[in-house]
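With the first letter of the sequence shown counted as 1, position 385 gets the number 384 in numbering that gives the first Met the number 0; the numbers rise by one all the way through. For every residue, glycine included, the Cβ atom is placed at its ideal position computed from N, Cα and C. Quick caveat, the model's predicted, so the values are computed rather than measured.
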Amino acid sequence: MQTKSPLFSIILPTRNRSFVVEKAIQSVINQTFTDWELIIVDNDTDDKTFKVARKYIGGKVKYVRTGNLPMHTNWQTGLQETSGTFITVLQDKAQYAPYALDVIQRQVSTNPENHVFVWGFIANASAFPESIPSNLHTYSFSSNEVLQMFINENHGRINPILPKMIFSCCHRSILNHCEALQQDLFQPLTPDYTSMFAQLSYFNRLEYIDAPLVHFNEEFSSGKMFRRKMLESDVAQDFTRLSLNGRKENLYADTDTSIESLYNLMMGDFNRIKSRFGGNLLSFEGNKLSVFKEACEQIHEMELHGVNAEPEREQLQQELGRYPIFIRQMITDYEASISVGRYQAQMDLSSAFLVEMLRAMLRNGKKVAFWGAGLTAEYFLSQLKDSPHAISYIVDINSNRKDKQLLGTPITSPANLLKETVDVIFISTVAKWHREVMEQISEMNINVKVLSPLRVADFIQLS
């Protein structure tokens with residue numbers, strides 16, 4: 000039986016994951032640093048987790064049976080059992096590196112003025128490095144910097160610095176602050192984020208340990224389920240029933256826009272905690288541009304996983320319709336950048352295929368002209384510069400480009416196609432003009448094959 004308060008209190012909330020929770024428990028027991036307590040908060044609908052956990056209960060391992068509580072209430076119940084100087088949460092789908100608490104306590108000792116420590120994580124990886132990284136670095140951030148990043152930057156990229164308790168710890172003095180405000184640390188709807196906002200409202204700095212100390216299995220992520228709108232999953236149904244009283248419309252009750260995205264849900268939590276905790280949060284307002292951008296990210300992720308995102312697209316367009324054209328254009332450009340980044344490999348392969356088609360035609364003595372003297376033409380010309388035969392010319396309807404050159408290839412008007420015949424016209428304009436260009440070529444009534452990146456199948460049939 001422990002006679003003094005430990006340095007670390009680790010809350011392990013779990014619900015219906017008896018098949019993974021033992022690894023989480025063992026990862027605490029196997030820590031090289033031993034001044035800790037573990038509180039298992041069993042919110043199961045049955046006794047399967049208890050059967051797994053009972054052999055570990057006793058001494059430094061506490062067990063609290065709850066059952067059918069909302070997530071935030073279950074976490075708060077575990078918090079009430081803690082006695083450690085620093086408090087953290089270990090999810091049932093996660094495990095610590097064996098040296099995790101050792102690394103953290105060294106930073107606590109080195110930086111006694113700091114009360115919040117955040118560390119790196121890995122997802123779906125098989126193993127941690129065998130020992131503490133020799134080149135371990137730490138970085139200090141102000142709470143205002145972290146809040147700025149959360150509100151203005153891509154959420155997925157800044158996630159590692161967010162003190163959400165699941166890969167961070169904070170000094171238990173936060174509990175005195177919560178008590179003075181008559182507020183819980185863990186509140187709906189997202190207890191990891193609401194606790195983060197509470198910490199950032201009160202503490203002024205945090206220390207980031209740039210090393211992976213915890214491993215997550217994303218397969219069981221409830222956040223992923225909601226992000227991908229897999230609302231019929233057991234996890235999503237459970238959350239809706241317990242945390243929302245069965246009413247999904249409560250998800251976005253405190254948000255500033257009608258966008259139904261996971262990030263906007265978090266911003267609703269931010270608004271609520273800001274009104275209750277004040278402090279450092281009072282200087283910040285939600286950024287609607289970030290809400291729109293994160294909605295674009297979520298739509299692409301849904302589509303990537305085969306989920307129909309048309310309702311979300313329509314909702315986003317309706318919301319954007321309330322804003323000036325330049326805002327709408329910013330979001331259009333942002334979504335285009337997502338597509339380019341996400342499908343870069345496929346686009347590279349498609350471009351390589353078209354380059355090889357053009358190169359083969361030139362090699363076989365075909366005369367090829369481009370239609371369009373923009374960046375697309377410049378790219379393909381640069382890829383064909385080593386071809387033994389050159390592109391004959393480029394046609395462009397922009398009279399300002401006539402009689403000029405692009406990478407040594409003459410630019411002329413479409414009328415030149417009637418004078419200087421070619422075998423193939425490659426449409427090198429942006430995609431939205433391809434149909435119009437093909438109609439123009441058809442009206443010219445010339446005997447030529449047309450290669451459009453959007454109509455490759457038709458070209459192959461013509462060939």
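- Membership of Gly155 in any beta strand (DSSP E) is not indicated; the residue belongs instead to the alpha helix (DSSP H) covering 154-157.
- Sequence-distant partners of Ala294 (beyond 5 residues in either direction) whose C-beta falls short of 6 angstroms from its own C-beta, in its chain, are Ile258, Ser260, Leu315.
- Contact between Trp74 and Ala210 is absent: CB atoms are separated by about 25 angstroms, not below the 8 angstroms threshold.
- Annotation for Leu319: Phe291, Ile326, Arg327, Ile330 place their beta carbon closer than 8 angstroms to its own, counting only its chain and skipping 5 residues before and after.
- In this structure, Val102 lies near Ile208, with their beta-carbon atoms less than 8 angstroms apart.
- Distance check between Asn153 and each of Leu100, Asn263, Gln79 places Asn263 closest, using alpha-carbon atoms only.
- Between Trp432 and the set Thr375, Met443, Gln404, the nearest pair of CA atoms involves Thr375.
- According to DSSP, residue pairing for Gln404 in a beta bridge involves Pro409.
- In the displayed model, Tyr98 falls within coil according to three-state DSSP, outside both helix and strand.
- Counting only the Cα atoms, Ile393 lies some 59 angstroms from Ser167.
- Within 10 angstroms of the beta-carbon of Phe18 lie fewer than 16 other beta-carbons, which makes it exposed.
- By the criterion of a C-beta distance shorter than 7 angstroms, Met265 is surrounded in its chain by Thr189, Tyr192, once the five residues flanking it on both sides are discounted.
- When C-beta atoms of the segment 357-376 are compared with those of the segment 418-427, three or more pairs fall below 8 angstroms, so the two segments count as touching.
- Proximity of the segment 44-54 to the segment 7-18 meets the contact definition, three or more beta-carbon pairs being nearer than 8 angstroms.
- Looking at the DSSP output, Glu36 sits in a beta bridge with Ser8.
- Secondary structure of Leu184 (DSSP, three-state): coil.
- Counting every other CB atom within 10 Å of its CB across the protein chains shown gives Thr31 a total below 16, marking it as exposed.
- When beta bridges are read from the DSSP output, Tyr392 appears opposite Ala368.
- With a cut-off of 8 angstroms on Cβ pairs, the segment 377-390 is not in contact with the segment 431-450, counting fewer than three such pairs.
- Remark: three or more beta-carbon pairs, one from each stretch, lie closer than 8 angstroms, so the segment 25-45 and the segment 57-70 are flagged as touching.
- Under DSSP, Phe85 takes part in a beta bridge, and its partners are Phe7, His170.
- Minimum Cα-Cα distance from Phe140 among the listed residues Val115, Val447, Leu174, Phe120 corresponds to Val115.
- As the crow flies, the alpha-carbon of Glu206 is around 24 angstroms from that of Glu129.
- In the three-state scheme derived from DSSP, where H, G and I count as helix and E and B as strand, Arg204 is classed as strand.
- Bridge pairing for Trp118: Ile208 [DSSP].
- Just so you know, the alpha carbons of Lys273 and Asp347 end up roughly 46 angstroms apart.
- Within its own chain, the residues whose Cβ lies closer than 6 angstroms to the Cβ of Pro162, once the five positions on either side in sequence are excluded, are Val115, Val117, Met195, Gln198, Leu205, listed in chain order.
- Distances from the CA of Gly267 to each of Asn279, Asn397, Gly285, Leu280 were compared; the closest alpha carbon is that of Gly285.
- Judged by DSSP in its simplified three-state form, Thr13 adopts strand.
- When C-alpha distances from Ile298 are compared across Pro310, Leu288, Ser289, the shortest belongs to Pro310.
- When DSSP reads this structure, Lys448 sits in a beta bridge with Val423.
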